[in-house]
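Engineer: So that we are looking at the same thing, I have put the structure below in structure tokens.
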């Protein structure tokens, strides 16, 4: 694989699997490209919640807006330029705030394969 760069316009955003909220994800690198990790972008509408038991290690970089991630009663809130690490096996609630959010993410291994 060659060195490449991506913008959110390069991602084909689709509703996150298993939910019907205003939350979308789009991979730009994944198992179909031969890389060992998945890289993509996410978009959260205002005041959305996503509950997930993580089947992969997930790193999320907030590009716009604000997100809060709660796990085991602890909450971290991240805004533009901040990174949230969510380890495999954790059960998390990701909540967007009134302005929604745009994120970039990296998962290992590939989240689509890990979900089955």
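Residue numbers (this note's numbering): 947 to 1062.
Backbone N, C-alpha and C fix where the C-beta goes; we use that ideal spot for every residue, glycine too.
In this text, all values refer to a predicted model and were calculated from it rather than measured experimentally.
1) Report yes or no: is there a C-beta of chain C within less than 8 Å of the C-beta of residue 1015?
2) Could you give the distance in angstroms between the alpha-carbon of residue 973 and the alpha-carbon of residue 953?
3) Tell whether a beta-carbon distance below 8 Å holds between residue 990 and residue 1042.
4) Please report the residue range of the beta strand (DSSP E) in which residue 989 lies.
5) Does the stretch 1024-1033 come close enough to the stretch 968-984 that 3 or more CB-CB pairs lie under 8 Å?
6) Starting from residue 1003, trace the beta strand (DSSP E) both ways and give me its first and last residue.
7) Excluding five sequence neighbours on each side, which residues of the same chain lie with their C-beta closer than 7 Å to the C-beta of residue 1046?
Structural biologist: To lay it out plainly:
1) Of the protein chains in this structure there is only one, and it is not chain C.
2) In the chain shown, residue 973 corresponds to position 27, counting from 1. In the chain shown, residue 953 corresponds to position 7, counting from 1. Their backbone Cα atoms lie some 11 Å apart in a straight line.
3) As a position in the chain shown, residue 990 is number 44, starting the count at 1. As a position in the chain shown, residue 1042 is number 96, starting the count at 1. In this structure, residue 1042 lies closer than 8 Å to residue 990 by Cβ.
4) What you label residue 989 is simply residue 43 of the chain shown in a count that begins at 1. From DSSP, the beta strand (DSSP E) with residue 989 extends over 984-990.
5) no
6) Along the chain shown, one-based indexing puts residue 1003 at 57. First-last of the beta strand (DSSP E) with residue 1003: 1003-1017.
7) Working through the chain shown from its first residue, we reach residue 1046 at position 100. Only 990, 991, 992 and 1011 meet the Cβ criterion.
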